[in-house]
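Asker: Residue numbers (the numbering used here), protein chains in the order written: chain H, 1 to 403; chain L, 1 to 403; chain F, 1 to 403; chain B, 1 to 403. Where is the CB? At the ideal position from N, CA and C, for every residue including glycine. From a predicted model like this one, the values you see are computed outputs, not experimental measurements.
Number of protein chains: 4
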Amino acid sequence: MQRLLGQCTACCFQRCVGMDSFNALDVITYQMDLDLGTEYNQRFRKYLAHVQEENLVVDGAMTDPKGDRRLSPSQQADPDLYLRIVDENEDGLFIRGAKLHQTGALSAHEILVMPTRSLREEDRDYAVACAVPADAEGIVYVYGRQASDTRKLEGGKIDVGNYQFGGHEAMIIFQDVFVPWEWVFMCREIHYAGGLVELFAAHHRASYGGCKVGVGDVLIGAVQAVAKAQGTEKASHIKDKIVEMVHLNETLFACGLATSYEGVRAQSGTYMIDYLLANITKLNVTRFPYEIARIAQDIAGGLMVTMPSEQDFNHPEVGPLLEKYLVGSEDFTTEHRQRLLRLIENITLGAGGVGYLVESLHGAGSPMAQRIMITRLAELDAKEENALKIAGLLEEPSAQAGD
Amino acid sequence: MQRLLGQCTACCFQRCVGMDSFNALDVITYQMDLDLGTEYNQRFRKYLAHVQEENLVVDGAMTDPKGDRRLSPSQQADPDLYLRIVDENEDGLFIRGAKLHQTGALSAHEILVMPTRSLREEDRDYAVACAVPADAEGIVYVYGRQASDTRKLEGGKIDVGNYQFGGHEAMIIFQDVFVPWEWVFMCREIHYAGGLVELFAAHHRASYGGCKVGVGDVLIGAVQAVAKAQGTEKASHIKDKIVEMVHLNETLFACGLATSYEGVRAQSGTYMIDYLLANITKLNVTRFPYEIARIAQDIAGGLMVTMPSEQDFNHPEVGPLLEKYLVGSEDFTTEHRQRLLRLIENITLGAGGVGYLVESLHGAGSPMAQRIMITRLAELDAKEENALKIAGLLEEPSAQAGD
Amino acid sequence: MQRLLGQCTACCFQRCVGMDSFNALDVITYQMDLDLGTEYNQRFRKYLAHVQEENLVVDGAMTDPKGDRRLSPSQQADPDLYLRIVDENEDGLFIRGAKLHQTGALSAHEILVMPTRSLREEDRDYAVACAVPADAEGIVYVYGRQASDTRKLEGGKIDVGNYQFGGHEAMIIFQDVFVPWEWVFMCREIHYAGGLVELFAAHHRASYGGCKVGVGDVLIGAVQAVAKAQGTEKASHIKDKIVEMVHLNETLFACGLATSYEGVRAQSGTYMIDYLLANITKLNVTRFPYEIARIAQDIAGGLMVTMPSEQDFNHPEVGPLLEKYLVGSEDFTTEHRQRLLRLIENITLGAGGVGYLVESLHGAGSPMAQRIMITRLAELDAKEENALKIAGLLEEPSAQAGD
Amino acid sequence: MQRLLGQCTACCFQRCVGMDSFNALDVITYQMDLDLGTEYNQRFRKYLAHVQEENLVVDGAMTDPKGDRRLSPSQQADPDLYLRIVDENEDGLFIRGAKLHQTGALSAHEILVMPTRSLREEDRDYAVACAVPADAEGIVYVYGRQASDTRKLEGGKIDVGNYQFGGHEAMIIFQDVFVPWEWVFMCREIHYAGGLVELFAAHHRASYGGCKVGVGDVLIGAVQAVAKAQGTEKASHIKDKIVEMVHLNETLFACGLATSYEGVRAQSGTYMIDYLLANITKLNVTRFPYEIARIAQDIAGGLMVTMPSEQDFNHPEVGPLLEKYLVGSEDFTTEHRQRLLRLIENITLGAGGVGYLVESLHGAGSPMAQRIMITRLAELDAKEENALKIAGLLEEPSAQAGD
């Protein structure tokens, strides 16, 4: 589904983060109820039914500003640098803080708030998961800038690159926002915060093995089309570069598929993807789209970044000159080439590049976060023991005192 | 299973090629019987039962010498450069030719012969698939040399690197070998040769996403162990390099898993792996083991290629000097380090490197063979059409005459 | 000098193309005069003195639109798709055509026109090199769009990323522009067109081993500064990534230096850089800046593409909220971080990325152009003969009939 | 010179280490004499004249066993784990210890001993540089094993790959070896040990930008020749891969050239190469030969590791079968192909691979040693300051308190 949506939009379509939150919350709230006798899962399932019935878009909001990263939430100079419970009454909670990098937040009907890290006893007020409507009182959105963002405001359909779809990022500020108990799914249970973060992150990392592959499909298709329009599609080096793009793109997909197929059923009934492979998938996603984009720019050629504006093409005097001099293969109009080059520019060096490149790098955790998880999950001790066996060292106790 | 066997042996264990042949032959012979009314599948199933009951190792033999590659089999100066039917009688066929690069041939009980390429009408005698016992009359084996191969004959257990297991390659020459009809599974049906080759190749390419991962596990374990023995295992750059090895290795595994999971059931009941992902898997296998091996050599250090021989360590005068000067961490004996370094040398620059590196590159087809298949399977037309849609070009018939 | 200017501007500073033209024209016009008895070098030297005395910026203009690339200039449907002489009289020439991808054209005082490819007899009118003032009658400039270009018009100093400097690209259209004989340096001497193109291209390829290194220095410095502002500069993986950036950047510089040092004096007295190493330099430039940019984005973090606009930071209500939540290390203001992230965005995903990335790929010829030159210059025959000697094959005449 | 010798031998020719020692010792002994009034440079120049007059091969011996790397020389459990002065008298010194990884030691007439690290007061006896004849009393050599080493003993000229040349590694043990004062160039001057090590290492790192390039030339030539013998030399992907090999190889050369050209004259009159570029050169050498070797194996094909032995080709019955089936292009004998494949095997997966690959990785210091030096030499502070200037942050003192 994610690959398909990526193909249909050529950008971040802003649905996975909510769905990844559902999977994680369902598993963890079920576990909390089992352990603690709470009713969080029941509440969450009710919320989920509500979302499904109303066909709501949900933004899963995790990343806090974090301030000085060496300090825990409660140690920060400003206690609001991690979102927290600031008050409560019979009806519900009040939360304050901010969530950064909220992809697609302004397209969402609902915000699903989660903690951003594992917590200790002194951080109890920071252990909160809950849902609020996107237009709840006290919420402020600050829209993030993207490369070439104002092209969306220029009115044309060509220079914007992708005139139908686009992603955005926003910062959400919660100024003592009220949440009714009904939509609270974690309240000060610090021991479950870390597990929720890890499960959400794993699901979200796996998602990138679908959505970015779909965007990659569009980029490959655009490059193939522009090669035709420029008469280079039969050159062996062009064909070879397109194969390389496909290869990298499908490797990402294979990783995503394996992560899901290796999933296991949690007690709540929801499936959890494979933690190790989810991190493997995401680490590849931090690299391959950059190489795919570089190859796309190679095939597209220099005109992608020197081409005059849409308005110049429409200009009564300049337009005909551009038509005259930028003509390519006779089977294609100049606008054909123009639109394809602007689409490639969008994905590789424009607003779309935010989603296809930088979000691939940092979304769901930066590369180092994946490397840390891979170290933990790699079972290095078992690998080492097996190697010692092959090397004939396990029968020889002198070799490894104390093993 | 393949990853496990790779872990248990740290080398090519020489079973996949037969099993990949079974999968391919079962599907293709079933199709032949459906189309042509032959009995090949029935024969093949009987053969398979025989193999299973007797627990036989089967070598799948495909690669012909090929002579001048621009010429078809029947056009070669020497007609034997592709294996062919040279005679037949009431009891069976006689075959002549050779099969190259037969990994593990001398450990097999049976040889399963298949054609090596798609064939045309004039090449009818080259369309033959059949089974012969490994010791059938008229078969000559010529053992291939490997790096450091004679260390296996030196008598020690250390310098050989992997003293229990190892692979080998052989050339098999068929000098008019008799095959009873019972074990003939294709006989001049040229239209099925290409399909058999492709299906076998796809299965075999997928297999590399298992076996090489197992060998990679051993290499990672050995490197982790040697880092401990050399006191470097806690250095951040060493840990980072080991994560990279794991990452590359698990990416191969993810590709292999996805290839199988995406498999579809053929009419014969046997599952066929996904063709595209099989080629993606193999193309990664032509690259990542080389990088994994390079990192392993980085961590192992220079002593791996300057270390004196096992006999020198056992020498009454020299031995104690080596013990004195090659001492590492006090928790480990010199022999501990010595054995691990020899194992890493074996896999990355010795007899094991033939299987882990060069076979990864050329086994089941060289990289270019995978690239050609990927081009064919990539559905570039659909990708292009989708990109045109995103670019707003599909509504504009002038852009693409005839689309 | 080029590295220094790159450091001073963090963008393409638009001087090398003219200087590379000078070097190429001086050598080729001298050769023409020697061979043909013309006075081109004398004219050119006079022109050069003029440029130096007046301290003029010169745009070297080579790339024609080319139309259908399989056809020569005179075979094109529209003869103007390569710039050509359309008329002449006692006083001079008239030229018509266009030059694409003219980096920095609008900052130049002069345009130095050169042919774009080797030419044949029927293409005589296309063999023209000459100089015209940038504001000569009949010249039309069409400004090319760049990522985030309109940020330059927004009025602020932060979101633009690099508020002092920037590059641009323009298309120059020559509508029967007059050139006095005094400034004509080639006129229909087709046999010298190819040599001029190759020499100019080689010099221009070498230039990239200087200017892009300077921009790389700025990027490395910005990343180091932002790591400090975010408190991550001491993490081992951050330090390791910065070393990698330096390593790649200095490799480019080493290639550029070697290209110049290996230069040889032409008969005109001007030095010609080493052709092979110039192409090696440029081929590395088509790759390393992309990897350097990817690492920069890795270290910069996601805020680079989600950060609110300068106006939001200045907004009376929103500004204080952003200050509150985007605070980093206490030693640095929020604006410090903001400016550095915008600079990194500029170079890696904004207007500066056009120069640092796509121009690195296609400027002075796309990667395939360098590969073709490398093949020609690699002396493969000598390498082959030497290998045969090492292999003991040169004494055996049967091995190599006719060599 | 180094590239030429690499081309002539296709292996490590074992001369650079001595010459790099000369350069380093000349500079440092001159400095010592200036600072301390010693006569070391005079002695060293006399020694150098002796070496030149007699045309002696000198082994520069630096690497000590090091034992537990966290401890300094004098802190080791066994004080001999770093080479040291154990006694002295009127005539000279006595040294004890070992030097590991001594490439080409057994081909040398002389050994030039140097300390392996910077030293502190308590390590005074370890600060010793001196020369001894290779056959001095008390020296024990222990020959290191290499992949496929015993092929050199088999008697044939083909399977050995490179029948004329080859490298070797040895461990040298000094059992209280006497050194006359005349040949002592450093004696307990601890403050000069670190400088000597760094200068030697820098020269030695730069050397790899020559010698390995020469071996790369042979590999490229062999691959080009084998592609011809196999009829694939005109395939576009083969040509492209050979260009890539050339590109990587020439990049190494460019780095080596730049390192020398940027050299500066020391007070002694000897030129010192550029420290930063020397480390850049070597870091590339730790990577590119591996990729060049992988490409070589790709083009060579699988036969390189499955080909029968030389004896089989000479066998009266088997030989003719091999000639029949391993025939390639009719312009070349089977032996032609056989010799070339064995040469490629030698360099990429045999005895030659020790020099071309692992020595490229670890010789003159492992990659991490280069990275540390690059960090030190990269002038990150200056880069940072320049970036702050571009970002408009230097005029704003509030941004950077105390800078």
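Are the CB atoms of B/A134 and B/H109 nearer to each other than 7 Å?
Answerer: Numbered from its first residue, the fourth sequence carries residue 134 of chain B at position 134. Numbered from its first residue, the fourth sequence carries residue 109 of chain B at position 109. Yes, Cβ-Cβ distance for B/A134 and B/H109 is below 7 Å.
Asker: Classify B/I95 as helix, strand or coil using the three-state DSSP reduction.
Answerer: Residue numbering aside, residue 95 of chain B sits at position 95 when the fourth sequence is read from its first letter. The answer is strand: DSSP assigns B/I95 an E or B state.
Asker: I need the straight-line Cα distance from B/A10 to L/G231, nearest angstrom please.
Answerer: Stepping through the fourth sequence from its first residue, residue 10 of chain B is reached at position 10. Stepping through the second sequence from its first residue, residue 231 of chain L is reached at position 231. Going from the Cα of B/A10 to the Cα of L/G231 covers about 35 Å.
Asker: Would you say the region 190-207 of chain H touches the region 23-40 of chain H, given that touching needs at least three Cβ pairs under 8 Å?
Answerer: yes
Asker: Just the C-alpha distance for F/E313 and F/E323, rounded to the nearest angstrom, thanks.
Answerer: Sequence index remark: in the third sequence, residue 313 of chain F carries index 313 (1-based). Sequence index remark: in the third sequence, residue 323 of chain F carries index 323 (1-based). Reading off the sequence, residue 313 of chain F comes out as Phe, not Glu. Computed Cα separation, rounded: 8 Å.
Asker: Kindly identify the DSSP beta-bridge partner or partners of L/P133.
Answerer: Residue 133 of chain L sits at position 133 when you count from the first residue of the second sequence. L/P133 pairs with L/E110.
Asker: On a Cα-Cα basis, can you pick out the residue from L/M171, L/G216, L/M186 that is closest to L/V128?
Answerer: Taking the second sequence and counting its residues from 1, one reaches residue 128 of chain L at position 128. With distances taken between Cα atoms, L/V128 lies closest to L/M186.
Asker: Is there a Cβ of chain B sitting closer than 7 Å to that of H/S236, yes or no?
Answerer: Locating residue 236 of chain H in the first sequence gives position 236, counting from the first residue. With 7 Å as the cut-off, H/S236 counts as an interface residue toward chain B.
Asker: If the criterion is Cβ atoms closer than 7 Å, does the pair F/G302 and H/H101 meet it?
Answerer: What you label residue 302 of chain F is simply residue 302 of the third sequence in a count that begins at 1. What you label residue 101 of chain H is simply residue 101 of the first sequence in a count that begins at 1. In contact: F/G302 and H/H101 (Cβ atoms closer than 7 Å).
Asker: Are H/I220 and H/N279 closer than 7 Å when you measure CB to CB?
Answerer: Residue mapping note: residue 220 of chain H aligns to position 220 of the first sequence, counting from 1. Residue mapping note: residue 279 of chain H aligns to position 279 of the first sequence, counting from 1. Against a cut-off of 7 Å, the Cβ pair of H/N279 and H/I220 comes out as no contact.
Asker: How big is the Cα-Cα spacing for H/M368 and F/I299?
Answerer: Residue mapping note: residue 368 of chain H aligns to position 368 of the first sequence, counting from 1. Residue mapping note: residue 299 of chain F aligns to position 299 of the third sequence, counting from 1. Looking at the two C-alpha atoms, the distance is approximately 10 Å.
Asker: Our contact map puts L/A378 next to H/V246 with C-beta atoms below 8 Å; I'd like the distance itself, whole angstroms only.
Answerer: Within the second sequence, the letter at position 378 stands for residue 378 of chain L. Within the first sequence, the letter at position 246 stands for residue 246 of chain H. The pair is a contact, with the Cβ atoms about 4 Å apart (cut-off 8 Å).
Asker: Could you tell me whether the Cβ of F/C187 comes closer than 7 Å to any Cβ of chain B?
Answerer: Position 187 of the third sequence, counted from the start, is the residue given in the question as residue 187 of chain F. Taking Cβ atoms only, chain B never reaches closer than 7 Å to F/C187, which makes this a no.
Asker: Quick one: is F/R205 buried, meaning 16 or more other Cβ sit within 10 Å of its Cβ, or exposed?
Answerer: By one-based count along the third sequence, residue 205 of chain F stands at place 205. F/R205 is buried by the Cβ-count criterion.
Asker: What's the call for L/K239, buried or exposed, on a 16-neighbour Cβ count within 10 Å?
Answerer: For the purposes of this step, residue 239 of chain L is taken as residue 239 along the second sequence, with counting starting at 1. When all chains shown are included, L/K239 counts as buried.
Asker: For L/R69, count neighbouring Cβ atoms within 10 angstroms of its own Cβ and tell me buried if that reaches 16, exposed if not.
Answerer: Stepping through the second sequence from its first residue, residue 69 of chain L is reached at position 69. Flag for L/R69 reads exposed.
Asker: If we cut at 7 Å on Cβ distances, does F/S148 have a partner in chain H?
Answerer: The sequence position of residue 148 of chain F within the third sequence is 148, counting from 1. So yes, F/S148 belongs to the interface.
Asker: In three-state DSSP terms, what is B/T150?
Answerer: If you number the fourth sequence from 1, residue 150 of chain B lands on position 150. Helix at B/T150.
Asker: Quick one: is B/L4 near chain H, going by C-beta distance under 7 Å?
Answerer: On the fourth sequence, residue 4 of chain B is found 4 positions in, with the first residue counted as 1. Cβ-Cβ to chain H under 7 Å: no for B/L4.
Asker: Tell me, please, which residues DSSP counts as bridged to L/Q102.
Answerer: One-based indexing of the second sequence puts residue 102 of chain L at position 102. Looking at the DSSP assignment, L/Q102 forms a beta bridge with L/A170.
Asker: Should B/A87 be flagged as near chain L, meaning a C-beta pair shorter than 7 Å?
Answerer: Taking the first residue of the fourth sequence as 1, we reach residue 87 of chain B at position 87. Correcting the residue identity first, residue 87 of chain B is Asp in this sequence and not Ala. With 7 Å as the cut-off, B/D87 does not count as an interface residue toward chain L.
Asker: Mind reading off the beta-carbon distance from B/T259 to B/I273? Whole number of angstroms is fine, and I expect it under 8 Å.
Answerer: The residue you call residue 259 of chain B lines up with position 259 of the fourth sequence. The residue you call residue 273 of chain B lines up with position 273 of the fourth sequence. So it is a contact: roughly 5 Å between Cβ atoms.
Asker: For chain B, is any of its Cβ atoms less than 7 Å away from the one on F/L380?
Answerer: The sequence position of residue 380 of chain F within the third sequence is 380, counting from 1. Answer yes: the Cβ-Cβ gap between F/L380 and chain B drops below 7 Å somewhere.
Asker: Can you tell me whether L/A266 is helix, strand or coil according to DSSP?
Answerer: Taking the first residue of the second sequence as position 1, residue 266 of chain L is located at position 266. Residue state, collapsed to three classes: coil.
Asker: Could you check how far apart the C-beta atoms of H/S107 and H/Q164 are, in whole angstroms? I think they sit under 8 Å.
Answerer: Here the question's residue 107 of chain H lines up with position 107 in the first sequence. Here the question's residue 164 of chain H lines up with position 164 in the first sequence. With a Cβ gap of about 14 Å, H/S107 and H/Q164 do not count as contacting.
Asker: Which first and last residues belong to the beta strand (DSSP E) in which B/R3 is found?
Answerer: Counting from 1 along the fourth sequence, the entry for residue 3 of chain B is found at position 3. B/R3 -> not in any beta strand (DSSP E); alpha helix (DSSP H) instead, spanning 2-9.
Asker: What's the C-alpha gap between B/A136 and B/Y271?
Answerer: Looking up residue 136 of chain B in the fourth sequence gives position 136. Looking up residue 271 of chain B in the fourth sequence gives position 271. Each residue's alpha carbon lies about 32 Å from the other.
Asker: If you run the structure through DSSP and keep just helix, strand and coil, what is H/M272?
Answerer: In the first sequence, residue 272 of chain H corresponds to position 272, counting from 1. In the structure shown, H/M272 sits in a strand (DSSP, three-state: E or B).
Asker: Between B/F253, B/L321, B/E244, B/I173, which lies nearest to B/M1 when the distance is taken from Cα to Cα?
Answerer: On the fourth sequence, residue 1 of chain B is found 1 positions in, with the first residue counted as 1. The shortest Cα separation from B/M1 among B/F253, B/L321, B/E244, B/I173 belongs to B/F253.
Asker: At which residues does the beta strand (DSSP E) containing H/G60 begin and terminate?
Answerer: As a working mapping, residue 60 of chain H is identified with position 60 in the first sequence. 58-61 is the span of the beta strand (DSSP E), which, as asked, contains H/G60.
Asker: Kindly give me the distance between the Cβ atoms of L/L248 and L/I292, rounded to whole angstroms, as I take these residues to be in contact under 8 Å.
Answerer: In the second sequence, residue 248 of chain L corresponds to position 248, counting from 1. In the second sequence, residue 292 of chain L corresponds to position 292, counting from 1. Going by Cβ atoms, the distance from L/L248 to L/I292 rounds to 5 Å, so yes, they are a contact pair.
Asker: Give the residues of chain F in contact with B/I292, contact being defined as C-beta atoms less than 9 Å apart.
Answerer: What you label residue 292 of chain B is simply residue 292 of the fourth sequence in a count that begins at 1. None at all; the shortest Cβ gap to chain F is about 13 Å.
Asker: Check whether the Cβ atoms of B/G6 and B/C211 sit closer than 7 Å, and answer yes or no.
Answerer: Within the fourth sequence, the letter at position 6 stands for residue 6 of chain B. Within the fourth sequence, the letter at position 211 stands for residue 211 of chain B. Yes, Cβ-Cβ distance for B/G6 and B/C211 is below 7 Å.
Asker: Write down every uninterrupted run of the alpha helix (DSSP H) in the region 340-401 of chain B whose length is 4 residues or greater and which is fully enclosed by it, in chain order.
Answerer: Listed in chain order, the complete alpha helix (DSSP H) runs (minimum 4 residues) inside the region 340-401 of chain B are 359-362, 367-377, 380-390.
Asker: In chain order, what residues of the same chain have a beta carbon less than 8 Å from the beta carbon of F/E262, not counting five sequence neighbours either side?
Answerer: Here residue 262 of chain F is taken as the residue at index 262 of the third sequence, counted from 1. Answer for F/E262: I273, D274, L277, listed in chain order.
Asker: Pull up the distance between the alpha-carbon of H/T116 and that of H/P65, whole angstroms please.
Answerer: As a position in the first sequence, residue 116 of chain H is number 116, starting the count at 1. As a position in the first sequence, residue 65 of chain H is number 65, starting the count at 1. One C-alpha to the other measures close to 10 Å.
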